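> First, the structure itself, so that you have it in front of you.
Number of protein chains: 2
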Amino acid sequence: MFKRITIIGVGLIGGSIGLACKKRALADEVIGVCRRESSLKKALDARAIDKGTLDIEESLSGAELVIIASPVKKIIPIAKKVMLNVKEGTIVTDVGSAKMYVVEELGKIKNPRGSFVGSHPMAGSEKRGVENARDDMFEKAPIIITKTKNTDRPSVSLLRKFWTRLGGDVSVLSPPEHDTIVSLSSYLPHVVSASISVSQKKDSVAFAAGSLKDATRVSMADPELWKDIFIQARGPVLESIRVFRNKLSVLEKAIRKKDEKKITDILKKAKRVSDRIRR
Amino acid sequence: MFKRITIIGVGLIGGSIGLACKKRALADEVIGVCRRESSLKKALDARAIDKGTLDIEESLSGAELVIIASPVKKIIPIAKKVMLNVKEGTIVTDVGSAKMYVVEELGKIKNPRGSFVGSHPMAGSEKRGVENARDDMFEKAPIIITKTKNTDRPSVSLLRKFWTRLGGDVSVLSPPEHDTIVSLSSYLPHVVSASISVSQKKDSVAFAAGSLKDATRVSMADPELWKDIFIQARGPVLESIRVFRNKLSVLEKAIRKKDEKKITDILKKAKRVSDRIRR
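What follows is the structure, given as C-alpha cells:
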C-alpha cells in the first residue's frame with residue numbers, strides 16, 4: 206500500500222500501528238521516530254518499526270504517509286515541522302482527540318507541502334508504551350477521519366483504506382462534528398469522574414460501593430494528558446458540561462419536588478441509553 | 206446465637222442472609238416471608254430458609270431477630286407492622302440504604318414493642334432474586350449499623366456481633382452520618398451516571414469509548430428501586446449534588462480560563478482519590 210510509512214512517537218498507539226502495518230504488509234518499510242535512544246531500542250525490540258531515528262526531518266525522506274502519534278501537547282509543533290518538510294503531497298495524519306484545534310492550528314501554516322487529514326482511532330488502554338502495543342489494537346475500533354472543505358479528497362480515500370485495512374470501522378466527519386461527539390462520549394465522562402472523585406470525603410472513600418468504583422475509574426487517567434486535551438478541546442468540553450448540567454438540574458428538580466413519575470422517566474431513559482451503549 | 210430468625214423478603218440479600226446464617230449455624234431456625242407462594246418455593250429450594258409463610262404476623266411468633274429485606278418502598282409499612290406485633294424487646298432491623306428516613310418514620314410509632322436498629326450491608330450485585338443469593342455475600346463487606354440516642358445499646362451490640370459472624374466489617378454511625386457517606390459514595394454516582402446517559406446523542410452512543418461505558422454502567426440499575434431511594438433519601442441526595450456541582454464548577458472555570466496548573470491539580474487530586482478507593 207505504501208513504500209514507506211513514518212510513525213512519529215512509537216508508544217502504545219504508534220507502536221500498535223507499526224505492528225499492524227507490518228503484520229498486514231501495508232508498507233515496505235516502517236520508520237519510527239522517538240525522542241530517546243532507549244525508546245527507539247524498545248520499539249525495535251518490539252518489532253513495531255523496521256528502522257528508527259531521533260531526527261524528524263531525516264525520518265521524512267521518502268515517506269508516503271506520516272503518522273504523528275506523539276503526546277497531545279507535541280502534535281502541533283511536530284505537525285508544523287512535518288507539513289513544511291515532507292515531499293509535496295505526502296499524507297500527514299495524527300491520532301489525537303482534539304480535531305478542531307489541530308485543523309485550525311495547521312490551517313495557519315503558509316505553503317504547506319503535506320496533505321493533512323486528521324485521524325482519531327478510538328482505541329487504547331490504561332497501559333502505556335510500545336511494550337503494550339498490539340497488532341490487533343484497531344480491529345473493530347471506531348476510527349474517525351476528519352475532512353474540511355480544504356482537505357484533499359484522494360488523501361481522505363487513501364487514509365480511509367489504510368485504517369480499514371488495519372481492521373478499523375472508519376467514519377468521515379467534519380472536525381466540529383467529531384469534537385461534539387467525542388466531547389459527550391469521552392471528555393464529559395472524564396470531567397465528571399474527576400468531579401465525583403474530588404467530591405468524596407475520607408469516610409465515603411472508606412465505604413466505597415461498586416457504583417463509586419465505576420464512577421471514578423476514569424479518574425485514573427493521566428492528569429497531564431487530560432489537562433492538555435481539556436485545553437485543546439476547550440470549546441466542545443465546555444459545551445458538553447453545559448448539556449450535562451442542564452440534565453442534572455432536571456433530575457435534581459424532580460427529586461426536590463418528589464416528582465416520582467419524572468424521576469422514573471429519567472432513570473428509565475438513562476437505562477435505555479446505557480443498554481444501547483452496551484449493544 | 207438466636208433460636209429463631211425471621212427474614213421478611215427472601216430475595217438476593219434476604220436469601221444470602223438466610224444461607225449465611227444456616228452455614229454458620231447462627232439460628233436454630235430461619236423463617237422466611239414472601240409475598241407469593243412461588244417465591245416461597247424458590248427460597249425453600251435454595252435452602253435459604255427452613256420454613257416459609259406469606260403471613261408476616263405469623264412469622265413473628267418466637268422470633269428473636271427480625272430482618273426486613275423487602276423492596277425499599279415496603280420497608281416502612283412492614284417495619285411498622287413488625288414493631289407493633291413482635292414480642293417485647295425483639296431486635297428488628299432492615300437492610301435498606303436510606304437511614305434517616307427509616308429511623309424518623311419508625312420514631313413516630315406509639316408504644317413499639319420491637320427494638321429497632323438499622324443495618325446497611327454494602328453488598329449485592331446487579332443480579333436479583335434468591336437464585337443468585339450466596340452464603341459468602343457479606344464476607345469483608347462494609348456493614349453500617351445506625352444508632353441514635355433512643356437506640357437500645359444491647360441490641361446494637363448483638364446486631365454488631367451478628368453481622369460480624371456473617372463476615373461483615375461493621376461500623377456504627379448515626380443515621381445522618383450514614384446518609385452523608387452513602388450519598389457521596391452511592392447516590393451521587395447514580396444521579397450523575399443517569400445525567401451523563403441522558404446527555405448523550407445518537408452519534409455519541411455510536412462512538413462510545415471505554416470511558417463512557419464506565420460512566421454509564423451504574424445507569425443499568427433498576428429505575429423503580431432508585432426512584433424510591435432518591436425520594437426517601439432526598440435531603441442527603443440533594444446535598445451531595447450541591448457538593449458535586451461546586452466541584453464541577455471549579456474545574457469548568459479552570460478550563461474556561463485555560464488555567465493549566467489548576468486543571469492539573471484537580472485531576473491529580475481526583476487520581477489520588479480514585480487510587481485510594483481501589484486500595
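Those protein sequence lines, which keep their order, are chains A and B. Heads up: take any position in the first sequence, counting from 1, add 205, and you land on my numbering. Heads up: take any position in the second sequence, counting from 1, add 205, and you land on my numbering. Beta carbons: idealized from backbone N, C-alpha and C, even for Gly. The structure presented is a predicted model; accordingly, all values stated were derived computationally and were not measured.
The ligand MN and A253/B: does the residue's C-beta get closer than 8 angstroms to at least one heavy atom of that ligand?
As for the ligand MN, it is missing from this structure, which has no ligand bound.
> Report yes if the C-beta distance between V238/A and G257/A is below 9 angstroms; otherwise report no.
Yes, these two residues count as a Cβ contact at 9 angstroms.
> So G301/B and V307/B are supposed to be a Cβ contact under 8 angstroms. How far apart are they, rounded?
6 angstroms
> From the beta carbon of W431/B, is the nearest beta carbon of chain A less than 9 angstroms away?
Judged by the 9 angstroms Cβ criterion, W431/B is in contact with chain A.
> Among all the DSSP beta bridges, which residues are the ones paired with A232/B?
F207/B
> What whole-angstrom Cβ distance do L364/B and T295/B have, given they're in contact under 8 angstroms?
12 angstroms between Cβ atoms; not a contact.
> What residues in its chain sit with their C-beta under 8 angstroms from that of S409/A, if we drop five residues either side in the sequence?
L417
> Can you tell which of K462/B, E444/B and Q437/B has its C-alpha closest to the C-alpha of L443/A?
Proximity to L443/A across K462/B, E444/B and Q437/B peaks at K462/B, based on C-alpha coordinates.
> Counting only the same chain and skipping the five closest in sequence on each side, list residues whose C-beta sits under 8 angstroms from that of I236/B.
R209, I210, T211, I212, I254, D255, K256, G257, T258, S264 and A268
> For the pair the region 414-430 of chain B and the region 430-437 of chain A, tell me if three or more CB-CB distances fall below 8 angstroms.
no
> Where does I296/B sit, in a helix, a strand or coil, going by DSSP?
The DSSP-derived three-state label of I296/B is strand.
> If you draw a straight line from the alpha carbon of V375/B to that of L472/A, how long is it in whole angstroms?
One Cα belongs to V375/B, the other to L472/A, and the distance between them is close to 31 angstroms.
> DSSP three-state call for P441/A: helix, strand or coil?
In the structure shown, the three-state DSSP call for P441/A is helix.
> When DSSP labels each residue in this structure, what does I350/B get in the three-state scheme?
strand
> Using 8 angstroms as the Cβ pair cut-off and three pairs as the minimum, do the region 350-365 of chain A and the region 396-410 of chain A touch?
no
> With a CB to CB cut of under 7 angstroms and the five nearest residues on each side skipped, what residues in its chain are close to G373/B?
P326, F343, A346 and I348
> Using a C-beta cutoff of 9 angstroms, does V300/A count as contacting chain B?
no
> Mind checking which residues open and close the beta strand (DSSP E) that includes T258/B?
K256 to T258
> For A196/A, which residues in the same chain have their Cβ closer than 7 angstroms to its Cβ, ignoring the five residues on either side in sequence?
Outside the displayed span of chain A (206 to 484) sits residue 196/A, for which this structure offers no information.
> Give the interface partners of K472/A over in chain B, defined as CB-CB distance under 7 angstroms, in chain order.
One detail in the question is off: residue 472/A reads as Leu in this sequence, not Lys. The contacting residues are A399, P428, W431 and K432.
> Can you list, in chain order, the residues of its chain whose CB lies under 8 angstroms from that of D470/B, leaving out five sequence neighbours each side?
none
> At a CB-CB cut-off below 8 angstroms, which residues of chain B make contact with L453/A?
V396, V397, S400, I446 and R450
> The beta strand (DSSP E) with L270/A in it runs from where to where?
L270 to I273
> Give me the residue from R484/A, L217/A and S390/A with the minimum Cα distance to K332/A.
Of R484/A, L217/A and S390/A, the smallest CA-CA separation from K332/A is found for L217/A.
> Can a CB atom of chain B be found closer than 9 angstroms to the CB of A475/A?
yes
> Drop a sphere of 10 angstroms on the beta-carbon of V287/B, count the other beta-carbons inside from all chains shown, and report buried for 16 or more, exposed for fewer.
buried
> Could you say which of I468/B, T356/B and G334/B lies nearest to G312/B if we only look at CA atoms?
T356/B
> Interface residues of chain B around R481/A at Cβ under 7 angstroms?
V410
> Extract the residue ranges of the beta strand (DSSP E) inside the region 353-438 of chain A, only unbroken runs of 3 or more that lie entirely within it.
374-378
> Since L456/B contacts S400/A with CB under 8 angstroms, what's their CB separation in whole angstroms?
Indeed, because the Cβ distance is near 6 angstroms, the residues count as touching under 8 angstroms.
> Check whether the Cβ atoms of F321/B and A284/B lie closer than 9 angstroms to each other.
yes
> Run down chain A in chain order and give the residues with a C-beta less than 8 angstroms from the C-beta of S390/B.
Near S390/B (Cβ distances below 8 angstroms), the residues of chain A are Q405, S409, V410, F412, A413, A414, S416 and L417.
> Rank R481/B, I460/B, R439/B and A413/B by C-alpha distance to the C-alpha of R481/A and give the top, closest one.
A413/B
> Tell me, please, whether the CB atom of K463/B is closer than 9 angstroms to any CB atom in chain A?
yes
> Taking 9 angstroms as the threshold (beta carbon to beta carbon), is R439/A in contact with chain B?
It does: the Cβ of R439/A has a partner Cβ on chain B nearer than 9 angstroms.
> With a Cβ-Cβ cutoff of 9 angstroms, do M305/B and A438/B count as a contact?
yes
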